[in-house]
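Student: Residue numbering for the sequence shown follows the working numbering, beginning at 1 and increasing consecutively.
Yeah, the Cβ is synthetic: ideal placement off N, Cα and C, and Gly gets one too.
This one's a predicted model, so the numbers in the text were calculated from it and none came from an experiment.
Structure incoming, see below.
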Amino acid sequence: MKTGPRSGLPAVHRILDLPAIEALAAAHGRTAVVDAVRRALDQARQRIDGESAVPATDLIVSAVARHLSDTLRPSPRPVYNLTGTILHTNLGRATLPEEAIAAMIAVARAPADLEYDLAEGARGERDHHVLDDLRHLTGAEAACIVNNNAAAVMLTLNTLARGKDVPVSRGELIEIGGSFRIPDIMARAGAKLREVGTTNRTHLRDFAEAIGPRAGLVMKVHTSNYTIEGFTAAADERALAALCRERGVPFAIDLGSGTLVDLARYGLPHEPTPAEAIAAGADLVTFSGDKLLGGPQAGIIVGRAALIARLNRNPMKRALRVDKLTLAALSAVLKLYRDPDRLAERLPTLCLLARSRVDIDPVAATIAGPLRDRLGDRARIRLVDCASQIGSGALPSRTLPSRGLALEPTAARREAGRALARLASDLRALAIPVIGRIESGALILDCRTLFEAEGFVANLAGLATLP
Ligand SMILES: *Cc1c(COP(=O)(O)O)cnc(C)c1O
């Protein structure tokens, strides 16, 4: 950590005495500023070792300011998701309605009746905050809320099928991104996977043979991220539920992306709902809070009261439970479902899904000009038709017609790949990073998920105009 004449760099205390740095210390505290000064000098020293000249003091000062703002910026931070994938797992899936945001803020700021029964003045149940709404919306008797749907599946298997067999159709042994594989989750939950039928066809009689005395649970998994087409067959849910009841084995359906309304109502393809699964006779249904439902990350389990009570008694529930922020947001989102007529206006996820190309086109057109101004002749910018995806595995074979911009670097063909990567990384380096998708030599900015062109354009000011 020697700084001084040998490297030609000023000492730490000299930098700290500069008025600009003193101002930073007054604003952010001396400790953080000293760290940032050390980092800036270390970096400068490494560059000098690489034969470059000693940087001017003002360059060191701006490096200190940069380090400081990097260190102090909260993370994760908001980005523009123009990838065309609406529920993008890496970008945090559903964005919340204002009602849910307000509810989270309210309980973040103050103590809350999280596990407290106000009528009795005694200990209450955490999940009861969403119980009435979930009963109403799914027709189930009871509900249990955990960290995410992977946890919901894990808790269900571990509670009902530890050391027992779980028959599952071979056509449903899915992998969801991020190492969620049904066979692996089964193993970790201590359940024994019993594969039934074949990849393309599974019949009721296959289950009838597989459900023996060692079966703890029969599970059906909604193949949410792929489709099998052609010569296919799956056991009918109602018939399977009846068979399970006859054999005295609980029947669970993992829906993945549970939507609480019929999407066909909003001009979208139908996606199975928990209410349908319960009506078909499922004893438990698991689904995500932050996929099509449009709420916070959570795993929701609804079903028979006696089974939910067993889940709640499993010590794992304690490890997988959600906090007051999640419950507040989930509760607020579920309330919106009580008024399906206005849901498409109030729930951002549904609003994005239902948005038409005609509505998206003007936004794309509005941002095209300012982008051209900023990028100059670095890139050709065209308004294009594109296809949005729902994402998070929901309705995998369906895309939604959308409008966006295609940015193609003007660099010579040899350089085109690098120029494209550079363009994408410059947009990601903005104060609010802009994330698109690269497709056949162009950066596509799908505008389905962009409403406020004004803010987007203001943010572009950070883009260096190149000669
Ligand atoms: C997405 C999904 C999961 C995992 O849900 P998370 O909320 O991501 O934990 C499990 N099963 C199915 C069928 C899914 O689609």
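1) Between Thr57 and Leu463, what straight-line distance do the alpha-carbon atoms span, to the nearest angstrom?
2) In its own chain, which residues sit with a C-beta less than 7 Å from the C-beta of Thr83, not counting the 5 before and 5 after it?
3) Who are the Cβ neighbours of Ala108 in its own chain at under 7 Å, not counting the five residues just before and after it?
4) Would you kindly work out how many angstroms separate the C-alpha atoms of Ala368 and Glu454, rounded to a whole number?
5) For the stretch 19-104, which segments carrying the alpha helix (DSSP H) assignment without a break, of at least 4 residues, lie completely within its bounds, in sequence order?
6) Answer yes if the stretch 399-419 comes into contact with the stretch 31-48, meaning at least three C-beta pairs across the two stretches below 8 Å, and no otherwise.
7) If we call anything under 8 Å between Cβ atoms a contact, is Gly295 one with Ala94?
8) Could you tell me which of Pro10, Leu68, Asn81, Ala11 sits nearest to Thr449, measuring between CA atoms?
9) Please specify which runs of the alpha helix (DSSP H), each continuous and at least 4 residues long, are wholly inside the stretch 353-387, giving them in chain order.
10) Could you tell me which uninterrupted alpha helix (DSSP H) segments, each at least 4 residues in length, are contained entirely in the stretch 163-213, listed from first to last along the chain?
11) Write down the C-beta distance between Asp127 and Ile101 rounded to the nearest angstrom, noting that I regard them as a contact closer than 8 Å.
12) Taking contact to mean at least 3 C-beta pairs separated by less than 8 Å, is the stretch 201-211 in contact with the stretch 231-238?
13) Which one or two residues does DSSP pair with Pro409 in a beta bridge?
14) Using 8 Å as the cut-off, can you tell me whether the stretch 242-260 makes contact with the stretch 279-291, which would need three or more C-beta pairs spanning the two stretches below that distance?
15) Taking 7 Å as the cut-off, is the C-beta of Arg184 nearer than that to any heavy atom in ligand 1?
16) Would you kindly work out how many angstroms separate the C-alpha atoms of Leu336 and Arg414, rounded to a whole number?
17) Going by alpha carbons, who is nearest to His129 out of Ser331, Arg418, Leu375, Asp385?
18) On a CA-only basis, which of Leu371, Asp341, Val302, Ile228 is nearest Ser397? Give me that one, please.
19) From Glu22 to Ala424, what does the alpha carbon distance come to, in whole angstroms?
20) Starting from Ser331, trace the alpha helix (DSSP H) both ways and give me its first and last residue.
21) So, are the CB atoms of Thr156 and Ile301 less than 8 Å apart?
22) Who pairs with Thr286 in a beta bridge, going by DSSP?
23) Label Pro467 either buried or exposed according to how many other C-beta atoms from any shown protein chain fall within 10 Å of its C-beta, with 16 as the threshold for buried.
24) Give me the Cα-Cα distance between Ala387 and Gly404, rounded to the nearest whole angstrom.
25) List the residues that DSSP assigns as beta-bridge partners of Ser402.
26) Output the boundary residues of the alpha helix (DSSP H) element that contains Lys317.
27) Using the Cβ count rule (16 or more neighbours within 10 Å means buried), how would you classify Glu172?
28) For Cys447, list the residues DSSP reports as bridge partners.
29) Could you tell me if the beta carbon of Gly256 falls within a distance shorter than 7 Å of some heavy atom in ligand 1?
30) Would Val218 and Ile211 qualify as a contact pair, given that the criterion is a beta-carbon distance under 8 Å?
31) Is the CB-CB distance between Leu311 and Thr159 below 8 Å?
Tutor: On the basis of the supplied data:
1) Between Thr57 and Leu463, the alpha-carbon positions lie close to 25 Å from each other.
2) These residues qualify, in order along the chain: Ile435, Gly436, Arg437, Asp446.
3) Within the same chain, Cβ atoms closer than 7 Å to the Cβ of Ala108 are found at Leu325, the five residues on either side in sequence being excluded.
4) It is roughly 12 Å from the alpha-carbon of Ala368 to the alpha-carbon of Glu454.
5) Within the stretch 19-104, the complete alpha helix (DSSP H) runs of at least 4 residues are 19-28, 30-49, 57-72.
6) Per the Cβ contact rule, the stretch 31-48 is not in contact with the stretch 399-419 (fewer than 3 Cβ pairs under 8 Å).
7) Their beta carbons are under 8 Å apart, which means Gly295 touches Ala94 by this criterion.
8) Looking from the CA of Thr449, the closest CA among Pro10, Leu68, Asn81, Ala11 belongs to Asn81.
9) Those alpha helix (DSSP H) runs which fall completely within the stretch 353-387 and span 4+ residues are 357-375.
10) Considered as a whole, the stretch 163-213 harbours 182-189, 204-210 as its complete alpha helix (DSSP H) runs of no fewer than 4 residues, in chain order.
11) Not really, about 21 Å apart at Cβ, beyond 8 Å.
12) With contact defined as three or more Cβ pairs closer than 8 Å, the stretch 201-211 and the stretch 231-238 are in contact.
13) Ala379.
14) Touching, per the Cβ criterion.
15) According to the sequence displayed, residue 184 carries Asp and not Arg. No; taking the cut-off as 7 Å, the Cβ of Asp184 has no heavy atom of ligand 1 nearer than that.
16) Between Leu336 and Arg414, the C-alpha separation is close to 53 Å.
17) Residue Ser331 holds the alpha-carbon nearest to the alpha-carbon of His129 among Ser331, Arg418, Leu375, Asp385.
18) The shortest C-alpha separation from Ser397 is found at Ile228.
19) So the two alpha carbons sit approximately 36 Å from each other.
20) That run of the alpha helix (DSSP H) goes 324-336.
21) Cβ atoms of Thr156 and Ile301: closer than 8 Å.
22) DSSP, once it has assigned bridges, lists Asp254, Ile301 as partnering Thr286.
23) Confidence is the limiting factor: at Pro467 the pLDDT is only 40, short of 50, which leaves the residue's position unreliable and the question unanswerable from this model.
24) Computed Cα separation, rounded: 9 Å.
25) In DSSP, Ser402 forms a bridge with Cys386.
26) Here the alpha helix (DSSP H) through Lys317 covers 315-320.
27) Its Cβ being crowded by 16 or more others within 10 Å, Glu172 is buried.
28) Cys447 is not bridged to any residue.
29) Yes, the Cβ of Gly256 comes within 7 Å of a heavy atom of ligand 1.
30) Judged by their CB atoms, Val218 and Ile211 are nearer to each other than the 8 Å cut-off.
31) Taking 8 Å as the cut-off, the beta carbon of Leu311 is found closer than this to the beta carbon of Thr159.
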